[in-house]
Amino acid sequence: MKTVIRAHCRNLGLAVFSAWVLSASAQAAQTYRFPPNACGASGYYPAAAGACTAGANAIVACGNKLVPAAVRTLTSATLTGMTCNAVYHGVQVSNNSNFDDTFSFTVAEELPRPEADSCNCGKDGMETAKPINPATGEKALDDHGYAGGGPHALSLLLSYRSGRVVGALTGAAGAGLGQAWSHNHRVYLRLEGQAGTSGHTANLYFGDDTVRIFGWDPNSGAWLPANSVDTLTANSGGFLYKRLEDDSLWQFDAAGKLLTMTRRNGWVTTYAYSTGTTSSAIAPVPGLLIAVTNQFGRSLDFAYNAASQLVGVTANGHPVASYTYDGTAEASRLTAVSYPGNAGGSVSKTYLYENAAFPQLVTGIIDETGNRLATIAYDSQGRATSSGYALGADLYSVSYASAGDAVVTDPQGTARTYHYGTNAGRLAVTGADKPSGTGANSATSRVQDANGFVTQETDFLGVNTTYTWDVNRRLPLTTTQAATRPEAQITATQWHPNFRLPVLVTEAGRTTAYTYDTQGNKLSQTVTDTATSVARTTSWTYNPQGQVATQTTNGVVSRTYAYYGATSFTGTSPNEVGQTAGDLQSITNAAGHVTQFTLYDRAGRVRQMVDPKGVTTDTVYTSAGRVSSVTLTPPGGAARTTTYTYDNAGQLTGVAMPDATTLSYSYDAAHRLTGVTDAKGNTVTYTLDAMGNKVGEQVKDPSGNLQRNITRVYDALNRVQQVTGASN
-3 MKTVIRAHCR
7 NLGLAVFSAW
17 VLSASAQAAQ
27 TYRFPPNACG
37 ASGYYPAAAG
47 ACTAGANAIV
57 ACGNKLVPAA
67 VRTLTSATLT
77 GMTCNAVYHG
87 VQVSNNSNFD
97 DTFSFTVAEE
107 LPRPEADSCN
117 CGKDGMETAK
127 PINPATGEKA
137 LDDHGYAGGG
147 PHALSLLLSY
157 RSGRVVGALT
167 GAAGAGLGQA
177 WSHNHRVYLR
187 LEGQAGTSGH
197 TANLYFGDDT
207 VRIFGWDPNS
217 GAWLPANSVD
227 TLTANSGGFL
237 YKRLEDDSLW
247 QFDAAGKLLT
257 MTRRNGWVTT
267 YAYSTGTTSS
277 AIAPVPGLLI
287 AVTNQFGRSL
297 DFAYNAASQL
307 VGVTANGHPV
317 ASYTYDGTAE
327 ASRLTAVSYP
337 GNAGGSVSKT
347 YLYENAAFPQ
357 LVTGIIDETG
367 NRLATIAYDS
377 QGRATSSGYA
387 LGADLYSVSY
397 ASAGDAVVTD
407 PQGTARTYHY
417 GTNAGRLAVT
427 GADKPSGTGA
437 NSATSRVQDA
447 NGFVTQETDF
457 LGVNTTYTWD
467 VNRRLPLTTT
477 QAATRPEAQI
487 TATQWHPNFR
497 LPVLVTEAGR
507 TTAYTYDTQG
517 NKLSQTVTDT
527 ATSVARTTSW
537 TYNPQGQVAT
547 QTTNGVVSRT
557 YAYYGATSFT
567 GTSPNEVGQT
577 AGDLQSITNA
587 AGHVTQFTLY
597 DRAGRVRQMV
607 DPKGVTTDTV
617 YTSAGRVSSV
627 TLTPPGGAAR
637 TTTYTYDNAG
647 QLTGVAMPDA
657 TTLSYSYDAA
667 HRLTGVTDAK
677 GNTVTYTLDA
687 MGNKVGEQVK
697 DPSGNLQRNI
707 TRVYDALNRV
717 QQVTGASN
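So that you can map any letter, position 478 of the sequence shown is 474 in the working numbering, and since no number is skipped, the others follow by simple counting.
Below you can see the structure in the form of structure tokens.
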């Protein structure tokens, strides 16, 4: 008996991955084959798992992801089946030789993340405000764990993607955060297929599940991009990847680990991994990411438990996040993220998993104050159907009525229908039906060419916008607004031959010309009024570290910048102050006035500055990195301090000013501002609709007497239609 696994990729929206069981006499040694087709190369495998893996990988390489719904059509009564690895969610092959059996698995094409200046699709229809991708049903959540300061600032961003649970997305693999979560520094390269053949692929995975795919071409002996204009080459260190959207260079070792990322301007981010000599308190096994260091020496450090789960992150030696799980098994889930509190200690955000059919899907969030902030629902196929905050705020729902269409209903109850299609393997909104302000439907459309580029968009008034493209570089050349109309306006862009940077932009009434150095730093910008030929030129110079040294406007030096050359800190953790090499030291304007930045903290935040008049500003931050107080001290004068307080969720709750004036702020369970009270007892109260619009606003004096009452009415498109106000 021989089982054949096949994948079929179609151009519009969906693909089908099917397994046909071919009737044959039973053989002692079964073979499983993934045959030649548009998605992958032929191959025989001694076990079903190999064929499953090859088939599913080919589907992903073809720009798709699996979703869990399976439609199985049996032509006979009994089935003895074998199931592929769980990551492929239900893909099956049969070893029963007595009948033919067909399994069909719906495959939704994965939307590639748009490249800068190369999509023109916009977000409309591709993502709801509480991110659900209506084209694929994928729910996205981001947890902003840390944002550093200073030049080349480091950040930490955790990302949840439901497609990692119900699809074949693999961006979370090895991040140490469970199946559904990853982070922005989890970047790796993985080779698939047989080396030296046309089926050999190099898949580059980013933490947000962006995938760059390269196929080996035996004829040219090169890696050819399948879904981008990026490049991948083998070198002595492993592999060098160049991302064309920002001209960055990514060096991977032979095992696929990211070693360095070099920006266009030469700044390098370095990645370090655990080895056999790494302390078990940091990482239990080799190969785990343990440090990310920027050009100027600031760093993020990662620590894992014995199960290789990420449990803590420090920034420049200070703890910034810790993570809790519901177990140590491979299927364990991230349940809580903890951050430093405002006054020491820590606060936690909890993630809920209440879907029995898909226990890895996040269904809710408990915020740092202990209240349920968010609720997410999914259908029987694992597609997100709604996402919103407490009190019904910001509740968006999505229904999937038919293939290629989705209906998005916003918090006001207004429904919008979007139509999707693909060209050149890219998914985009091709049309939409939206309500007018009175609730009547109108329509818009989007046209793509054979290369997947948007060439025309028609708005709800029938006005066309057209685009032309540099196909090879995926760069827009012209945009014509109100095309075919007398008022048509054209914007034309010429591009640098080596960088994705404009050198000349021509538009109605003016031109803007740019020059750059060999590292892509902008040297000059000249704006010319085409009616008068009057030009204004701004130019810049840079220091050896790639930082701006001077700014000149029309030949006059308008700004001079100085930077610290060495790292020096005093004090004890976590309150050290000083400077890191590369921090801004001073700015001198054209009149010779100097602003000094005299102290920073380890995170790169300014702690002290002195303005040209000698006024010193001291800023203190909470453990969570929020401004706690700002003190202004003039030369020879008294210090004046403004303090700020926050709740555990980070919402500003109070401001106390030097003159004893205070303001306090209140919020609802959806984290929306609902009231303000001053020191005298005057209050402002806001009534909000589900979209967050202020439909009511009342101002009362300390005795509770109404001083002003404003009401607002919004239409189906969220526009103000009526305002009624009264004052006493």
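Think of the CB as a built atom: it goes at the ideal place given N, C-alpha and C, for glycine as much as any other residue. Note that the structure is a prediction, hence the values are computed from the model and not measured.
Compute the distance between the beta-carbons of residue i and residue j, then report whether it is under 8 Å.
i: T476; j: T454; result: no
i: G313; j: R622; result: no
i: A666; j: A389; result: yes
i: R496; j: D297; result: no
i: T413; j: D429; result: yes
i: Y392; j: G400; result: no
i: G283; j: S295; result: no
i: A302; j: G308; result: no
i: V573; j: T566; result: yes
i: Q543; j: G578; result: yes
i: L387; j: D664; result: yes
i: Y142; j: A311; result: yes
i: R469; j: V225; result: yes
i: T193; j: P214; result: yes
i: T576; j: G610; result: no
i: G677; j: P654; result: no
i: K238; j: T227; result: yes
i: A397; j: P130; result: no
i: E134; j: A484; result: no
i: T365; j: N644; result: yes
From which residue to which residue does the beta strand (DSSP E) around residue i run?
i: G308; result: L306 to A311
i: R555; result: V552 to Y559
i: V288; result: L285 to T289
i: E134; result: E134 to A143
i: S275; result: Run containing S275: none; DSSP gives neither H nor E here.
i: S194; result: Per DSSP, S194 belongs to no beta strand (DSSP E) and is neither H nor E.
i: S244; result: S244 to F248
i: S318; result: H314 to Y321
i: W263; result: Segment: none, W263 is in no beta strand (DSSP E) and carries neither H nor E.
i: T740; result: The question about residue 740 has no answer here: the residues shown for the chain are numbered -3 through 724.
What's the gap between the Cα of residue i and the Cα of residue j?
i: A352; j: A373; result: 12 Å
i: A652; j: T639; result: 5 Å
i: P147; j: L240; result: 23 Å
i: Q305; j: A325; result: 10 Å
i: S178; j: I278; result: 19 Å
i: S276; j: T289; result: 21 Å
i: F685; j: S662; result: Residue identity differs from the one stated: residue 685 is Asp in this sequence, not Phe. Spanning the two alpha carbons is a distance of roughly 17 Å.
i: L580; j: T534; result: 21 Å
i: D614; j: T594; result: 10 Å
i: D204; j: P630; result: 48 Å
i: L473; j: Q541; result: 33 Å
i: F456; j: S441; result: 9 Å
i: V394; j: Y321; result: 30 Å
i: N550; j: R532; result: 6 Å
i: A339; j: V316; result: 14 Å
i: P570; j: N261; result: 32 Å
i: L348; j: Y201; result: 27 Å
i: S155; j: D138; result: 5 Å
i: S376; j: E188; result: 32 Å
Give every residue of the same chain whose Cβ lies closer than 8 Å to the Cβ of residue i, excluding the five residues on either side of it in the sequence, and list them in chain order.
i: S342; result: S318, S334, Y335 and P336
i: G671; result: Y661, S662, T679, V680, T681 and Y682
i: V161; result: Q175, A176, F354, Q356, L357 and G378
Once you ignore the five residues that flank residue i on each side, which residues in its own chain have a CB closer than 7 Å to its CB?
i: P608; result: H589, V590 and T591
i: A586; result: V552, V553 and S554
i: V709; result: Q717 and Q718
i: K126; result: S383, G384, D390 and Y392
i: L519; result: T511, Y512, D513, S535 and W536
i: T526; result: G505, R506 and T507
Residues in its own chain within less than 6 Å of residue i by CB, not counting five upstream and five downstream?
i: T556; result: T546 and T584
i: A248; result: Looking at the sequence itself, residue 248 is Phe, so the reference to Ala does not match. Only L185, G234, F235 and L254 meet the Cβ criterion.
i: A558; result: Q581 and S582
Could you spell out the range, first to last residue, of the alpha helix (DSSP H) harbouring residue i?
i: G159; result: G159 to V162
Q.
Give the list of continuous beta strand (DSSP E) stretches no shorter than 3 residues that lie fully inside the stretch 653 to 712.
A. List check, beta strand (DSSP E) in window: 658 to 663, 669 to 674, 679 to 684, 690 to 696 and 702 to 710.
Q) Considering only residues of the stretch 603 to 645, which uninterrupted beta strand (DSSP E) runs meet the minimum length of 3 residues and lie entirely inside it, listed in chain order? A) 612 to 617, 623 to 629 and 636 to 642
(Q) What ranges does the beta strand (DSSP E) occupy inside the stretch 380 to 423, keeping only unbroken runs of at least 3 residues that lie completely in it? (A) 380 to 385, 392 to 395, 401 to 405 and 411 to 419
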